[in-house]
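Undergrad:
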Amino acid sequence: ADTLGLIRRVGFERAHVVGASMGGYIAQELALMEPERIGALVLAGTVAHSDAWLDNVWTMTQQLAAREELRETRVRLSLLLNFSPDFLSRPGTLDGLVHYGVDKPNHQTPEGLQGHIVACRSHDTRLRLSKIAAPTLVLAGEQDMLMPLDRVRRLAEQIPGAIFQTLPGGHSFTTESSDMFNRVVSEFLAQHND
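Note that our numbering has the sequence shown beginning at 52, numbered continuously upward.
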């Protein structure tokens, strides 16, 4: 509802919507709630519903977040789940990202994390995806451990006319392959400017 409110407030009749990961959950709901407002839809590294694997990830995240002395462990786990081994094996990358993740202030409150997890666990559009009318591009990271390629492909198969494409990288392929991601998304959206 917040995103639709923003689209209305800015004065757009229609908007192209790009959503990655949890943002993809939101983008799916937008396309279902007010299809006339969506020009084109890009879903990146996202799925139609949570499963046992993701539930375990959320449980582990909550447990680690509750113990400040395990902050570095939580950061390392998050990086391993979000980035491909190829990306993290570049000299200095893993250690640099761990250092950054441990030293930066945590902008997410425990309540915010809990809300995030509840929203992710309750997301389920499987029975409604066939109602998405917008031209849709679904992108998956070839090495995504959080939202594996086969689950993202299943999402694409349930959306009428959706185009499915993979890009190099893990769950954060939008960062790992940013130039390619930006080009693919720009080309797709350009085809749907009316």
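The beta-carbon is built from N, C-alpha and C at its ideal position, and this holds for glycine as well.
Using the Cβ count rule (16 or more neighbours within 10 Å means buried), how would you classify arginine 125?
TA: Under this definition arginine 125 is a buried residue.
Undergrad: Tell me the DSSP secondary structure of isoleucine 89 in three-state form.
TA: Of the three classes helix, strand and coil, the one that applies to isoleucine 89 here is strand, per DSSP.
Undergrad: Pull up the CB-CB distance for lysine 155 and leucine 83, whole angstroms please, since I reckon it's below 8 Å.
TA: Going by Cβ atoms, the distance from lysine 155 to leucine 83 rounds to 35 Å, so no, they are not a contact pair.
Undergrad: To the nearest angstrom, how far is it from the Cα of valine 98 to the Cα of aspartate 53?
TA: Taking the straight line joining both Cα atoms gives about 21 Å.
Undergrad: Using only alpha-carbon positions, find the residue among Ala191, Gly166, Gln165, Cys171 that is nearest to serine 228.
TA: Closest by alpha carbon: Ala191.
Undergrad: Flag this pair as yes or no: are the beta carbons of leucine 94 and valine 189 separated by less than 9 Å?
TA: Their beta carbons are under 9 Å apart, which means leucine 94 touches valine 189 by this criterion.
Undergrad: With which residues is leucine 66 paired in a DSSP beta bridge?
TA: Looking at the sequence shown, residue 66 is not leucine but alanine. Looking at the DSSP assignment, alanine 66 forms a beta bridge with Ile89.
Undergrad: Taking just the CA atoms, how far does threonine 110 sit from threonine 176?
TA: When rounded, the distance between both Cα atoms is 22 Å.
Undergrad: Helix, strand or coil: how does DSSP classify phenylalanine 134 here?
TA: It is coil, neither helix nor strand.
Undergrad: Counting along the chain, where does the alpha helix (DSSP H) carrying leucine 200 start and finish?
TA: Counting along the chain, the alpha helix (DSSP H) containing leucine 200 begins and ends at 200-208.
Undergrad: Between which residues of its own chain and phenylalanine 134 is the CB-CB distance below 6 Å, once the five residues before and five after are set aside?
TA: These residues qualify, in order along the chain: Gly221, Ser223.
Undergrad: In chain order, what residues of the same chain have a beta carbon less than 8 Å from the beta carbon of isoleucine 168, not counting five sequence neighbours either side?
TA: Closer than 8 Å at Cβ, skipping near neighbours: Trp109, Thr112, Gln113.
Undergrad: Taking its Cβ as the centre, do 16 or more other Cβ atoms sit within 10 Å of glutamate 61, making it buried, or is it exposed?
TA: Note that residue 61 corresponds to valine in the displayed sequence, not to glutamate. Exposed, because fewer than 16 other Cβ atoms sit within 10 Å of the Cβ of valine 61.
Undergrad: From leucine 131 to proline 199, what does the alpha carbon distance come to, in whole angstroms?
TA: For leucine 131 and proline 199, the distance between alpha carbons rounds to 14 Å.
Undergrad: Helix, strand or coil for isoleucine 168 per DSSP?
TA: Correct three-state label for isoleucine 168: helix.
Undergrad: Considering only their Cβ atoms, is the gap separating leucine 145 from arginine 39 smaller than 9 Å?
TA: The requested residue 39 does not occur in the structure, where the chain is confined to residues 52 to 245.
Undergrad: Give me the Cβ distance between glycine 96 and aspartate 195, rounded to the nearest whole Å; I'm assuming they're in contact under 8 Å.
TA: Contact holds; Cβ gap of about 6 Å.
Undergrad: Which first and last residues belong to the beta strand (DSSP E) in which glutamine 114 is found?
TA: Looking at the DSSP string, glutamine 114 is not in any beta strand (DSSP E); the run it does join, the alpha helix (DSSP H), is 103-116.
Undergrad: Give me the Cα-Cα distance between phenylalanine 138 and leucine 148, rounded to the nearest whole angstrom.
TA: Their backbone Cα atoms lie some 11 Å apart in a straight line.
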